[in-house]
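Enquirer: In the UniProt record's numbering, the protein residues as written are 1 to 285.
Dropping a structure here in structure tokens format, bear with me for questions.
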Amino acid sequence: MMTIGLYFFLVPDALVGGGTGGIAQVINPFVPVPYSVSLFVINLILLVIGVIVIGKEFGGTTFFSVVLYSGFYALFEHYYPVSHGVSDNPIVNLVLGQVLLSSGVGMVFNAGATTGGVDIIAKIMNMYLPVTFASAAMFTDMTILLLNMLVFGFERGLYAAMGILLGNLVVDRVITGGSARYQVNITSKNYLAINEFILHEIFRATTIYDAKGGYTKQERKVVTSVVDREELLRLKNFVSEIDENAFMYVAPVSEVLGRGFSFEVRQKRSSIVKLRERALKENKK
């Protein structure tokens, strides 16, 4: 789905605004290689940087997504070459292409994987600079968008900017129905590791409170927090790794004020590996 949106609708009309697709679109007129090769090389370079800086646990599913994404694009280039978009109207190509591309991205996220790309740059900026992941991602996309404007003209750049906004809306809708912030409540025997992950890996405040099972009558600890879309996906993956029996529910919220949202907060980064080891020890008790 991602490749169809990119190949048949966006790339032929130079409508890719951000991401590695946008970078490949900028450099492709100046290098004698197919778009799919540029796309794969850029993603591979960023993936290697991500593994070195972020950690080896980052690379597995991301590499698989990159290979499939670029591979399908190469197949289309070889067996079904195109020189223009499906429609003669750039707005039609923009809307259809972004809906297909962003729906595919949302499905990849829901499957617990990632498409990598410039999100790697945003993650690194979030780790080492006093900026949120969302702000870092917006900065990288805007930089790529400006480069596209310089190469393909102001009008195409405006179309691409509209595409970025539409794409973000579609991804949000596919993942959780459109909300930008989500309250999470997690009941788990590994609540300490989950609490540490939220505090020191995604930098959000938490509340821990006591609860009792209505059926089992057992005492439990519940961790609650408010996170954004990208953080929610990371948290879901972490919880499923350390406690497959954890109970977690997610609810969209309309507004969040306070620590970590209305102003920035930075904390010392902990190790995910250590958190997993702690969770395994707790499971053996």
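Beta carbons: idealized from backbone N, C-alpha and C, even for Gly.
Bear in mind the structure is a predicted one, so any value in this text is a computation, not a measurement.
#1: Could you please give the first and the last residue of the uninterrupted beta strand (DSSP E) stretch that includes F133?
#2: DSSP state of R181, grouped into three classes?
#3: Got a sec, what are the start and stop residues for the beta strand (DSSP E) D13 sits in?
#4: Per DSSP, residue 348 forms a beta bridge with which residues?
#5: Please indicate yes or no: does the CB of G17 lie closer than 8 Å to some heavy atom of the ligand NAP?
#6: Hey, could you find the ends of the alpha helix (DSSP H) F247 is sitting in?
#7: For I42, which of V53, Q183, G22 has the nearest alpha-carbon?
#8: Just how far apart, CA to CA, sit I27 and V33?
#9: Does DSSP classify D88 as helix, strand or coil?
#10: Which residue from L15, L68, F30 puts its Cα closest to that of M2?
#11: So is G55 buried or exposed if we call it buried at 16+ other beta carbons inside 10 Å?
#12: Would you mind sorting F154 into buried or exposed? The rule is 16 or more other CB atoms within 10 Å of its CB.
#13: Measure the alpha-carbon distance for V16 versus F247 and round it to whole angstroms.
#14: Could you say which of Y182, R220, K123, T140 lies nearest to S254 if we only look at CA atoms?
#15: Helix, strand or coil for I121 per DSSP?
#16: For F197, report the span of its alpha helix (DSSP H) as first-last.
#17: Please report how far the alpha carbon of S83 lies from the alpha carbon of T20, in whole angstroms.
#18: Cβ atoms of G5 and V99: under 9 Å apart, would you say?
#19: Of all the options A161, K212, M127, which has the alpha carbon lying nearest to the alpha carbon of I91?
#20: Determine the burial state of K212: buried for a count of at least 16 other Cβ atoms within 10 Å of its Cβ, exposed for fewer.
#21: Compute the Euclidean distance between the alpha carbons of L10 and L101, then round it to the nearest angstrom.
#22: Enumerate in chain order the residues of its own chain whose CB-to-CB distance from V86 is below 7 Å, with the five nearest sequence positions on each side excluded.
#23: Give me the DSSP bridge partner(s) of T187.
#24: In or out: F197 buried (at least 16 other Cβ within 10 Å) or exposed?
#25: Among N237, K236, D210, which residue has its Cα nearest to the Cα of V222?
Expert: The answer reads as follows:
#1: Judged by DSSP secondary structure, F133 falls outside any beta strand (DSSP E) and instead within the alpha helix (DSSP H) spanning 133–152.
#2: Three-state DSSP puts R181 in a strand.
#3: Under the DSSP assignment, D13 falls outside any beta strand (DSSP E); it carries neither an H nor an E label.
#4: The requested residue 348 does not occur in the structure, where the chain is confined to residues 1 to 285.
#5: What this structure holds is no ligand at all, so the ligand NAP is not there to describe.
#6: For F247, no alpha helix (DSSP H) run applies; the uninterrupted beta strand (DSSP E) run containing it begins and ends at 247–253, by DSSP.
#7: Nearest neighbour of I42 by Cα position, chosen from V53, Q183, G22, turns out to be G22.
#8: So the alpha carbons of these two residues sit roughly 10 Å apart.
#9: Of the three classes helix, strand and coil, the one that applies to D88 here is coil, per DSSP.
#10: Checking every option, the nearest Cα to that of M2 belongs to L68.
#11: With fewer than 16 other Cβ atoms within 10 Å, it is exposed.
#12: Of the other Cβ atoms in all chains shown, fewer than 16 fall within 10 Å of the Cβ of F154; this residue is therefore exposed.
#13: The straight-line gap from Cα to Cα measures roughly 40 Å.
#14: Among Y182, R220, K123, T140, the Cα nearest to that of S254 belongs to Y182.
#15: Looking at I121 - three-state DSSP - the assignment turns out to be helix.
#16: Taken as a continuous stretch (DSSP letters only), the alpha helix (DSSP H) holding F197 covers 191–200.
#17: Going from the Cα of S83 to the Cα of T20 covers about 21 Å.
#18: Cβ atoms of V99 and G5: closer than 9 Å.
#19: If we check each option's Cα against that of I91, A161 comes out closest.
#20: Counting Cβ neighbours within 10 Å, K212 comes out exposed, since fewer than 16 surround it.
#21: One C-alpha to the other measures close to 9 Å.
#22: The answer, listed in chain order, is F8, F9, N93.
#23: Under DSSP, T187 takes part in a beta bridge, and its partners are V222, F247.
#24: By the neighbour-count rule (16 or more Cβ atoms within 10 Å), F197 is buried.
#25: Closest by alpha carbon: D210.
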